[in-house]
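**Student:**
Number of protein chains: 2
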Amino acid sequence: MSLKLAIEKYITENRRKVNLSIGENLPSANDRVSRAMRYAVLNGGKRLRPVLFIAVFESLGGRIDSGILTIASAIEFIHTFSLIQDDLPALDNDDYRRGKPAAHKVFGEDIAILASDSLLNAAYKILLEEDAIAAGLKVKIASELMRTVKILISGQEGDLALTPRKPAGLLRLKEIYSGKTAALIAACAKIAGILRAVKAGELRRLNSFGMKLGLSYQILDDILNVTAENKAFKGRKFSDQRKGKITYVSLIGLRKSQEIVENLMRQAKRELAKIDKIDKGTLFLLADFILQRRY
Amino acid sequence: MSLKLAIEKYITENRRKVNLSIGENLPSANDRVSRAMRYAVLNGGKRLRPVLFIAVFESLGGRIDSGILTIASAIEFIHTFSLIQDDLPALDNDDYRRGKPAAHKVFGEDIAILASDSLLNAAYKILLEEDAIAAGLKVKIASELMRTVKILISGQEGDLALTPRKPAGLLRLKEIYSGKTAALIAACAKIAGILRAVKAGELRRLNSFGMKLGLSYQILDDILNVTAENKAFKGRKFSDQRKGKITYVSLIGLRKSQEIVENLMRQAKRELAKIDKIDKGTLFLLADFILQRRY
Numbered sequence: 001m002s003l004k005l006a007i008e009k010y011i012t013e014n015r016r017k018v019n020l021s022i023g024e025n026l027p028s029a030n031d032r033v034s035r036a037m038r039y040a041v042l043n044g045g046k047r048l049r050p051v052l053f054i055a056v057f058e059s060l061g062g063r064i065d066s067g068i069l070t071i072a073s074a075i076e077f078i079h080t081f082s083l084i085q086d087d088l089p090a091l092d093n094d095d096y097r098r099g100k101p102a103a104h105k106v107f108g109e110d111i112a113i114l115a116s117d118s119l120l121n122a123a124y125k126i127l128l129e130e131d132a133i134a135a136g137l138k139v140k141i142a143s144e145l146m147r148t149v150k151i152l153i154s155g156q157e158g159d160l161a162l163t164p165r166k167p168a169g170l171l172r173l174k175e176i177y178s179g180k181t182a183a184l185i186a187a188c189a190k191i192a193g194i195l196r197a198v199k200a201g202e203l204r205r206l207n208s209f210g211m212k213l214g215l216s217y218q219i220l221d222d223i224l225n226v227t228a229e230n231k232a233f234k235g236r237k238f239s240d241q242r243k244g245k246i247t248y249v250s251l252i253g254l255r256k257s258q259e260i261v262e263n264l265m266r267q268a269k270r271e272l273a274k275i276d277k278i279d280k281g282t283l284f285l286l287a288d289f290i291l292q293r294r295y
Numbered sequence: 296m297s298l299k300l301a302i303e304k305y306i307t308e309n310r311r312k313v314n315l316s317i318g319e320n321l322p323s324a325n326d327r328v329s330r331a332m333r334y335a336v337l338n339g340g341k342r343l344r345p346v347l348f349i350a351v352f353e354s355l356g357g358r359i360d361s362g363i364l365t366i367a368s369a370i371e372f373i374h375t376f377s378l379i380q381d382d383l384p385a386l387d388n389d390d391y392r393r394g395k396p397a398a399h400k401v402f403g404e405d406i407a408i409l410a411s412d413s414l415l416n417a418a419y420k421i422l423l424e425e426d427a428i429a430a431g432l433k434v435k436i437a438s439e440l441m442r443t444v445k446i447l448i449s450g451q452e453g454d455l456a457l458t459p460r461k462p463a464g465l466l467r468l469k470e471i472y473s474g475k476t477a478a479l480i481a482a483c484a485k486i487a488g489i490l491r492a493v494k495a496g497e498l499r500r501l502n503s504f505g506m507k508l509g510l511s512y513q514i515l516d517d518i519l520n521v522t523a524e525n526k527a528f529k530g531r532k533f534s535d536q537r538k539g540k541i542t543y544v545s546l547i548g549l550r551k552s553q554e555i556v557e558n559l560m561r562q563a564k565r566e567l568a569k570i571d572k573i574d575k576g577t578l579f580l581l582a583d584f585i586l587q588r589r590y
């Protein structure tokens, strides 16, 4: 089996496990809020963050169990909470998400807001109610997620201010991308490290790996928004571009943005390489796969 | 000192302690979201829920420390989260809260939504980061709050459907009030019991006490909305009534609603009376005080 096939198989298998756990942790569709939660979470997500979390955890010698899958579900709930809110008329005002009508278009703004709250609340609830994880560890992981959500909301606030009338410099844009995208991706790597009880220095490297990977992922979004103009990239939506928001490409151009992505990826891999007892093989492949945006 | 003065003093003193802890736990006003959080929380709340929590805790022999005050702050953060959202245009669409412009009128809908999320997130964060409480106990209390927020959101969803075109019966209305108001008040009593390690049966009585107190509190709101029509009750806002929502009074009339409030209060006190080693004095006075709506 080729390496490409191997990593695709790895992703597919873990995505399936994550989806099973997500299904068990979602409420049944008894009321509108629960139906909106299910709609938003089950709306074709790639499960990038949970799969990355699992990959880092396994690379550090961990074995998947129900506790790990509950954490993976919690991470995806938090991601979906932020997506529902991002699409609201009061925020980015997007009618579509993953090619389907956004939650607020299907269920109304009121129910969409309550569903997003419920997903944030449920993320923490399923984690704290998980018996397979010791109380002290649950508190550490939940605290890490809460710290991340705080940063995520700051990033969202910064992003709201990114209009053509209020331009931002590259430094500010990097800060916003770090908050709204990279922080949760970094938390996936860091929480895997917390679970494997790695040393503080290595925890910092895992965090840094995730920040750099997440930042490149978001800059790549800016690049694809432009290159897709010619290629009519299938199935993607480029709302940020259409609204004339500041992006890496609008600030420094396509080529420099691509150079930054490549630099960040090199740095991200270098962070991993410095960690003791980590199996870098899968993670390198996964990172490349993510950055090729096949994922 | 008269009993009335004594209970007023008790309330004022504990409210002061709670406000100090709230001030320490709120973020500084560095960005719009933090300013909106501060505005909404510091906007003249009575701190009914935190003070009730402390009163039950002390009645069971507990002594206030920083951990207790952090829990009190977390409870008020959750209450404020629900108030900000309740006022949003997509929900109850109220321009005023406590006689002042609602958060979304001052900061915009987008920032108000992010501030409400941040308060929910911060409630759990300050609790899990509190060193004065053991990890196992933190997990128990946070889980209880998360269970309560889930119920609160269900109550909010039910309340949204309460329009003249979609009338509800008394049973459904009781269910909605129990969710949107009584559940968090009951959680205050129950969490105090969890902290004092009372037996399961007594925990159920504390919960039942809070549910009955909370339900009477909300029905009294319906009553005051009507009686105030004649008396021009000062400083209150009666948005639910104005929008023609179903209430206890609209369903069964003023006198029957008043009877239900009195009955519920008798039952609430009876629950307390059956609990071993509880100092009922303060709690009876506090409950009466709350129900006189001086509070």
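Sequence order for the protein chains is A and B.
Positions 1 to 295 (the working numbering) are the ones given, in order, by the first sequence.
Positions 296 to 590 (the working numbering) are the ones given, in order, by the second sequence.
Ideal Cβ placement from N, Cα and C applies to all residues, glycine included.
Everything numeric in this text was worked out from a predicted model, so none of it was measured.
1) Under 8 Å from any heavy atom of the ligand SAM, does the C-beta of L508 (chain B) make it?
2) Under 9 Å between beta-carbons, which chain B residues line up against M37 (chain A)? List them in chain order, please.
3) Going by C-alpha distance, which of B:L479, B:K469 and B:R333 is nearest L559 (chain B)?
4) Please name the residue in B:L355, B:L447 and B:G496 whose C-alpha comes closest to that of I471 (chain B).
5) How would you list, in chain order, the residues of chain B whose beta-carbon sits under 8 Å from the beta-carbon of R32 (chain A)?
6) Cβ of L128 (chain A) within 9 Å of Cβ of A142 (chain A)?
7) Scan the stretch 171-203 of chain A and note each continuous alpha helix (DSSP H) run of 4 residues or more that stays entirely inside, going in chain order.
8) Since K100 (chain A) sits in a beta bridge, which residues does DSSP pair it with?
9) Strictly under 9 Å for the Cβ-Cβ distance: is I541 (chain B) near chain A by that measure?
10) Please list the residues of the stretch 407-418 of chain B that have a C-beta atom closer than 7 Å to any C-beta atom in chain A, keeping them in chain order.
11) Would the beta-carbon of F372 (chain B) fall within 9 Å of that of A418 (chain B)?
12) In angstroms with no decimal places, state the Cα-to-Cα distance between S316 (chain B) and G108 (chain A).
13) Closest Cβ-Cβ distance between D405 (chain B) and chain A: below 9 Å?
14) Where does G67 (chain A) fall in DSSP's three states?
15) Find the residues of chain B that neighbour K150 (chain A), judging by a C-beta separation of less than 8 Å, and give them in chain order.
16) Look at the alpha carbon of A484 (chain B) and the alpha carbon of D360 (chain B), and state the distance between them as a whole number of angstroms.
17) At a Cβ threshold of 9 Å, is F528 (chain B) touching chain A?
18) Does any residue of chain B have a CB that is nearer than 9 Å to the CB of V297 (chain A)?
19) If contact means a Cβ-Cβ distance below 7 Å, which residues of the stretch 74-86 of chain A contact chain B?
20) Please go through the same chain and pick out, in chain order, the residues whose beta-carbon is closer than 7 Å to the beta-carbon of A481 (chain B), but skip the five residues on each side of it.
21) Any chance the stretch 394-408 of chain B sits against the stretch 129-141 of chain A, with 3 or more Cβ pairs inside 8 Å?
22) Could you check if K234 (chain A) is buried or exposed, using at least 16 other CB atoms within 10 Å of its CB as the buried criterion?
23) So that I know if they touch, is there some Cβ in chain B lying closer than 9 Å to that of E129 (chain A)?
24) R565 (chain B) CB to nearest chain A CB: under 9 Å?
25) Distance check for P462 (chain B) and A456 (chain B), CA to CA, integer angstroms please.
26) Would D426 (chain B) be called buried (16 or more neighbouring beta carbons within 10 Å of its own) or exposed?
27) At what residue ranges does the stretch 413-460 of chain B contain a whole run of the alpha helix (DSSP H), taking only runs of 4 or more?
28) Let's see if you can read the secondary structure: which residues bound the alpha helix (DSSP H) around K572 (chain B)?
29) Answer with yes or no whether the minimum CB distance from S438 (chain B) to chain A is below 9 Å.
30) Whose CA, out of B:A477, B:V328 and B:G339, lies closest to the CA of S159 (chain A)?
31) Give a yes or no on whether the minimum CB-CB distance between G431 (chain B) and chain A is below 9 Å.
32) Can you give me the Cβ contacts of L347 (chain B) inside the same chain, cut-off strictly under 6 Å, excluding the 5 residues immediately before and after it?
33) Taking 9 Å as the threshold (beta carbon to beta carbon), is S449 (chain B) in contact with chain A?
34) If you check the beta carbons only, do D412 (chain B) and L224 (chain A) fall under 9 Å apart?
35) Residues in the same chain with beta-carbon distance under 8 Å from F284 (chain A), minus the five sequence neighbours each way, listed in chain order, please.
36) According to DSSP, simplified to helix, strand and coil, what is R32 (chain A)?
**Tutor:** On the basis of the coordinates in this document:
1) Ligands in the displayed structure: none, and consequently the ligand SAM is not present.
2) Counted from its first residue, the first sequence places residue 37 (chain A) at position 37. Result: empty, since nearest Cβ-Cβ is about 10 Å, beyond 9 Å.
3) One-based indexing of the second sequence puts residue 559 (chain B) at position 264. For the residues B:L479, B:K469 and B:R333, the minimum Cα distance to L559 (chain B) belongs to B:K469.
4) As a position in the second sequence, residue 471 (chain B) is number 176, starting the count at 1. Minimum Cα distance to I471 (chain B) is reached at B:L447.
5) Counting from one through the first sequence, the residue named residue 32 (chain A) turns up at place 32. Chain B residues near R32 (chain A): E452.
6) Taking the first sequence and counting its residues from 1, the one referred to as residue 128 (chain A) is at position 128. Taking the first sequence and counting its residues from 1, the one referred to as residue 142 (chain A) is at position 142. Cβ distance < 9 Å, so L128 (chain A) and A142 (chain A) count as in contact.
7) 183-195
8) In the first sequence, the residue the question calls residue 100 (chain A) occupies position 100. Per DSSP, A:R97.
9) Translated into positions along the second sequence, residue 541 (chain B) becomes position 246. Chain A contact via Cβ: absent.
10) I408, L409, D412, S413, L415 and N416
11) Start at 1 with the first residue of the second sequence, and residue 372 (chain B) comes out as number 77. Start at 1 with the first residue of the second sequence, and residue 418 (chain B) comes out as number 123. Yes. Within cutoff.
12) Numbered from its first residue, the second sequence carries residue 316 (chain B) at position 21. Numbered from its first residue, the first sequence carries residue 108 (chain A) at position 108. One C-alpha to the other measures close to 37 Å.
13) Indexing the second sequence from 1 puts residue 405 (chain B) at position 110. Yes, contact with chain A.
14) Walking along the first sequence from the start, residue 67 (chain A) turns up at place 67. G67 (chain A): helix per DSSP, three-state reduction.
15) Position 150 of the first sequence, counted from the first residue, corresponds to residue 150 (chain A). Correct list: S413, N416, A417 and K420.
16) Translated into positions along the second sequence, residue 484 (chain B) becomes position 189. Translated into positions along the second sequence, residue 360 (chain B) becomes position 65. About 17 Å.
17) What you label residue 528 (chain B) is simply residue 233 of the second sequence in a count that begins at 1. Low local confidence applies: a pLDDT of 49 at F528 (chain B) is under 50, so the model's placement there is unreliable, with the coordinate-based value given in what follows. So no, F528 (chain B) is outside the interface.
18) Nothing in the structure corresponds to residue 297 (chain A), since chain A is present only between 1 and 295.
19) Q85
20) In the second sequence, counting from the first residue as 1, residue 481 (chain B) sits at position 186. Cβ within range, chain order: N502, G505, M506 and G509.
21) no
22) Along the first sequence, one-based indexing puts residue 234 (chain A) at 234. Residue placement at K234 (chain A) cannot be trusted, given a pLDDT of 46 that sits under 50; the coordinates are not used to answer.
23) Looking up residue 129 (chain A) in the first sequence gives position 129. Yes, because at least one Cβ of chain B sits closer than 9 Å to the Cβ of E129 (chain A).
24) The residue given as residue 565 (chain B) occupies position 270 in the second sequence. Cβ-Cβ to chain A under 9 Å: no for R565 (chain B).
25) Here residue 456 (chain B) refers to the residue found at position 161 when the second sequence is read from its first residue. Here residue 462 (chain B) refers to the residue found at position 167 when the second sequence is read from its first residue. Taking the straight line joining both Cα atoms gives about 8 Å.
26) Here residue 426 (chain B) is taken as the residue at index 131 of the second sequence, counted from 1. Exposed is the call here.
27) 430-455
28) As a first step, residue 572 (chain B) is located in the second sequence; it is residue number 277 there, counting from the start. From DSSP, K572 (chain B) is part of no alpha helix (DSSP H); its letter is neither H nor E.
29) Residue 438 (chain B) sits at position 143 when you count from the first residue of the second sequence. At least one chain A Cβ lies under 9 Å of S438 (chain B).
30) Within the first sequence, the letter at position 159 stands for residue 159 (chain A). The sequence given here has Asp at residue 159 (chain A), not Ser. Comparing Cα positions, the closest option is B:V328.
31) On the second sequence, residue 431 (chain B) is found 136 positions in, with the first residue counted as 1. With 9 Å as the cut-off, G431 (chain B) counts as an interface residue toward chain A.
32) Residue 347 (chain B) sits at position 52 when you count from the first residue of the second sequence. If we look at L347 (chain B) and ignore the five residues flanking it on each side, its Cβ neighbours are C483.
33) In the second sequence, counting from the first residue as 1, residue 449 (chain B) sits at position 154. Judged by the 9 Å Cβ criterion, S449 (chain B) is in contact with chain A.
34) For the purposes of this step, residue 412 (chain B) is identified with residue 117 of the second sequence, where counting begins at 1. For the purposes of this step, residue 224 (chain A) is identified with residue 224 of the first sequence, where counting begins at 1. The answer is no: Cβ separation not under 9 Å.
35) In the first sequence, residue 284 (chain A) corresponds to position 284, counting from 1. Correct list, in chain order: K269 and L272.
36) Along the first sequence, one-based indexing puts residue 32 (chain A) at 32. R32 (chain A): helix per DSSP, three-state reduction.
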